[in-house]
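Colleague:
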C-alpha cells in the first residue's frame, strides 16, 4: 500500500473516531469519514488487549489484505479505519471477508450496493 494512502497521524485517527460513523462486529470495527482527496485512505489499529506482537501483526496483515482485495468495490473519497478485535487473527478468512463487506454495506461504502 502506498504510504500517501495511509492514515498515520494521531490527530487524523482521533478526528475520524470522533466525527465519523462506525459499524461493529465480533472480529472488527470499521470507522469511516468522507475526505476531500478523491481517493480512499486506510488506517489499521490493533490494541495490546488482542495479545502479543505476533498476534497483533497477524490481525493487521489480515485486515490489510481484506481491504486490498475489496478496495475496487468501495466508493472513492473516504478515510477508513479498521480496528482489530480479539477474533480477527483466528476467524476464518471467508468469515472475515464477509464481515468486512457487510460492515461496508451498512456504512454505504460499497459502490452500487454490491
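Residue numbers (the numbering used here): 4 to 117. For each residue, glycine too, the CB sits at the ideal point set by N, CA and C.
May I ask you to report which of helix, strand or coil DSSP gives residue 109?
Modeller: Residue numbering aside, residue 109 sits at position 106 when the chain shown is read from its first letter. Residue 109 falls in the helix class under three-state DSSP.
Colleague: Rounding to the nearest angstrom, what Cα-Cα distance links residue 42 and residue 54 in this structure?
Modeller: Residue mapping note: residue 42 aligns to position 39 of the chain shown, counting from 1. Residue mapping note: residue 54 aligns to position 51 of the chain shown, counting from 1. Taking the straight line joining both Cα atoms gives about 33 Å.
Colleague: Got a sec? Which residues, its chain only, sit under 7 Å from residue 73 by beta carbon, not counting five neighbours each side?
Modeller: The residue given as residue 73 occupies position 70 in the chain shown. These residues qualify, in order along the chain: 103, 104.
Colleague: Please work out which residues of its chain come closer than 7 Å, Cβ to Cβ, to residue 79, disregarding the five sequence neighbours upstream and downstream, and give them in chain order.
Modeller: Reading the chain shown from its first residue, position 76 is the one you call residue 79. Taken in chain order, the residues that qualify are 41, 42, 43.
Colleague: Less than 9 Å separating the beta-carbons of residue 48 and residue 87?
Modeller: Here residue 48 is taken as the residue at index 45 of the chain shown, counted from 1. Here residue 87 is taken as the residue at index 84 of the chain shown, counted from 1. Contact: yes.
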